[in-house]
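S.K.: Letter 25 of the sequence shown, counting from 1, is numbered 24 in numbering that gives the first Met the number 0, and no numbers are missing.
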Amino acid sequence: MSAGGNHLKDEGTKRQTIVAGGIAGLISRFCIAPLDVVKIRLQLQIHSLSDPASHQSVTGPIYKGTLSTMREIVRQEGIKGLWKGNIPAEMMYVCYGAVQFTAYRSSTQILAHLGPYRFPQPIESFVSGAVAGGFATATTYPLDLLRTRFAAQGPDRVYQSLSSSIIEIARNEGTVGFFRGCSAAVAQIVPYMGLFFSAYEGFRPVMAHLDSLPFGTGDAAAGILASVIAKTGVFPLDLVRKRLQVQGPTRTRYVHRNIPEYKGVIRSLKLIMRTQGVRGLYRGLTVSLLKAAPASAVTMWTYEHVLKLLQELDLKALQ
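(1) Is L284 near L34, with beta carbons less than 8 Å apart?
(2) Does the Cβ of D313 have 16 or more other Cβ atoms within 10 Å, making it buried, or fewer, making it exposed?
(3) Between A23 and the rest of its own chain, which residues show a CB-CB distance below 6 Å, the 5 nearest in sequence each way excluded?
(4) Taking all protein chains shown into account, decide if E311 is buried (16 or more other Cβ within 10 angstroms of its Cβ) or exposed.
(5) Please confirm if I223 has its CB atom under 8 Å from at least one CB of chain C.
(6) Provide the residue span of the alpha helix (DSSP H) that contains G80, from first to last.
(7) Where does K262 fall in DSSP's three states?
(8) Whose C-alpha, out of M272, G11, A150 and P121, is nearest the C-alpha of E200?
(9) Taking the alpha-carbon positions, what's the R252 to H304 distance?
(10) Starting from G132, follow the alpha helix (DSSP H) in both directions and report where the run begins and ends.
(11) When you compare the CB positions of A102 and V130, do they come within less than 8 Å of one another, or not?
(12) Do you know offhand how far A207's Cα is from I166's?
(13) Per DSSP, what kind of secondary structure is N257 in: helix, strand or coil?
(14) G180 and Q99: beta carbons closer than 8 Å?
(15) So, at 7 Å on beta carbons, what are the nonlocal neighbours of R146 in its own chain, with the 5 sequence-adjacent residues on each side left out?
(16) Excluding the five sequence neighbours on either side, which residues of its own chain have a C-beta within less than 7 Å of the C-beta of I319, listed in chain order?
(17) Short of 7 Å in beta carbon distance, which residues of its chain neighbour S182, apart from the five on each side in sequence? Order them along the chain.
(18) Please state whether DSSP places L284 in a helix, a strand or coil.
(19) Comparing C-alpha positions only, which one of F196, S106, Q108 and L43 sits nearest to L224?
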């Protein structure tokens with residue numbers, strides 16, 4: 000056994016991990032849904048905010064900042080507009096959370112049995128997080144695409160219901176239509192989750208004794224710091240993913256009707272750089288960080304506490 004052999008954590012049983020991960024994803028998603036809608040709207044907005052001349056050909060709304068965008072959505076679409084796409088998003092987060100934490104647990108346990116070839120703890124966390132994130136992203140991607148398309152709808156609805164959207168995409172775009180931008184998503188999530196879990200596992204022991212933090216735990220603070228570090232590094236790929244997800248026959252029917260035609264991750268990055276500059280790659284970064292921090296904090300705090308509760312309940316049941 001290597002020197003790192005004493006850092007194997009009690010990750011719980013497979014059932015406990017699935018339940019805790021699913022509940023964590025469900026609660027987290029509902030809390031940050033409005034910020035998610037705002038982020039998607041800002042990411043799909045291509046005209047320059049500093050150049051009024053670029054607004055002349057825009058038929059959709061012009062958003063500026065998180066709070067003003069939120070007010071504009073409520074004014075034009077009602078309070079429900081802030082939760083557009085929440086049904087497929089909730090389904091995605093529950094499935095994603097369960098798959099992610101299960102894959103992370105399994106990867107961690109496999110790496111822990113490498114004996115003398117075992118990696119240092121930060122590398123183990125990075126590899127486990129990257130594998131978990133990539134697998135969870137690929138398996139739940141169609142729900143992610145549906146979430147984006149519903150959130151991108153303005154007052155004029157493109158899809159009338161979740162079932163009709165699935166039927167229409169399958170009929171007009173085929174199976175590939177449900178995976179538009181998937182390569183960008185996997186390319187983004189692998190380094191993101193690797194960095195996130197590596198940073199989280201590094202911060203958590205340091206902050207474990209900070210009982211003065213909200214909820215009396217360092218889990219939330221560790222989740223916030225880890226998410227900010229990881230999200231900033233991979234944000235351009237997240238933006239490209241959103242632009243690719245709304246491609247297809249309905250591209251000009253969303254709230255932003257002037258979304259260009261993008262094809263492929265690399266070509267999309269080059270097109271955005273050429274037409275909108277480096278700043279164009281970071282549209283919506285501020286609200287993304289505002290969303291990512293509480294989302295990760297709620298997710299990790301909920302996961303850790305639900306897992307602990309399930310372990311205690313199972314222990315009592317055996318007594």
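By construction, the Cβ of each residue, glycine as well, lies at the ideal position given by its N, Cα and C atoms.
M.R.: According to the structure data:
(1) Their beta carbons are not under 8 Å apart, which means L284 does not touch L34 by this criterion.
(2) Note on D313: under 16 other CB atoms within 10 angstroms of its CB, so exposed under the neighbour-count rule.
(3) Sequence-distant partners of A23 (beyond 5 residues in either direction) whose C-beta falls short of 6 Å from its own C-beta, in its chain, are G96, T298, T301 and Y302.
(4) Counting Cβ neighbours within 10 Å, E311 comes out exposed, since fewer than 16 surround it.
(5) In the structure shown, chain C does not exist; there is a single protein chain.
(6) Element bounds for G80: n/a, residue is neither H nor E.
(7) DSSP, read as helix, strand or coil, puts K262 in coil.
(8) Nearest C-alpha to E200: P121.
(9) Those two C-alpha atoms are separated by around 43 Å.
(10) Per DSSP, G132 belongs to the alpha helix (DSSP H) from Q120 to A150.
(11) In terms of Cβ geometry, A102 and V130 form a close pair [threshold 8 Å].
(12) Counting only the Cα atoms, I166 lies some 48 Å from A207.
(13) Note: N257 maps to coil in three-state DSSP.
(14) No, the pair does not count as a contact, with Cβ atoms beyond the cut-off.
(15) Excluding residues up to 5 positions away in sequence, G84, P87, A88 and M91 lie with their Cβ nearer than 7 Å to the Cβ of R146 in the same chain.
(16) Any property of residue 319 remains undetermined from this structure, which presents the chain solely from 0 to 318.
(17) Excluding its 5 nearest sequence neighbours in each direction, S182 has C-beta neighbours in its own chain below 7 Å: V264, listed in chain order.
(18) DSSP places L284 in helix when its eight states are reduced to three.
(19) It is F196 whose Cα lies nearest to the Cα of L224.
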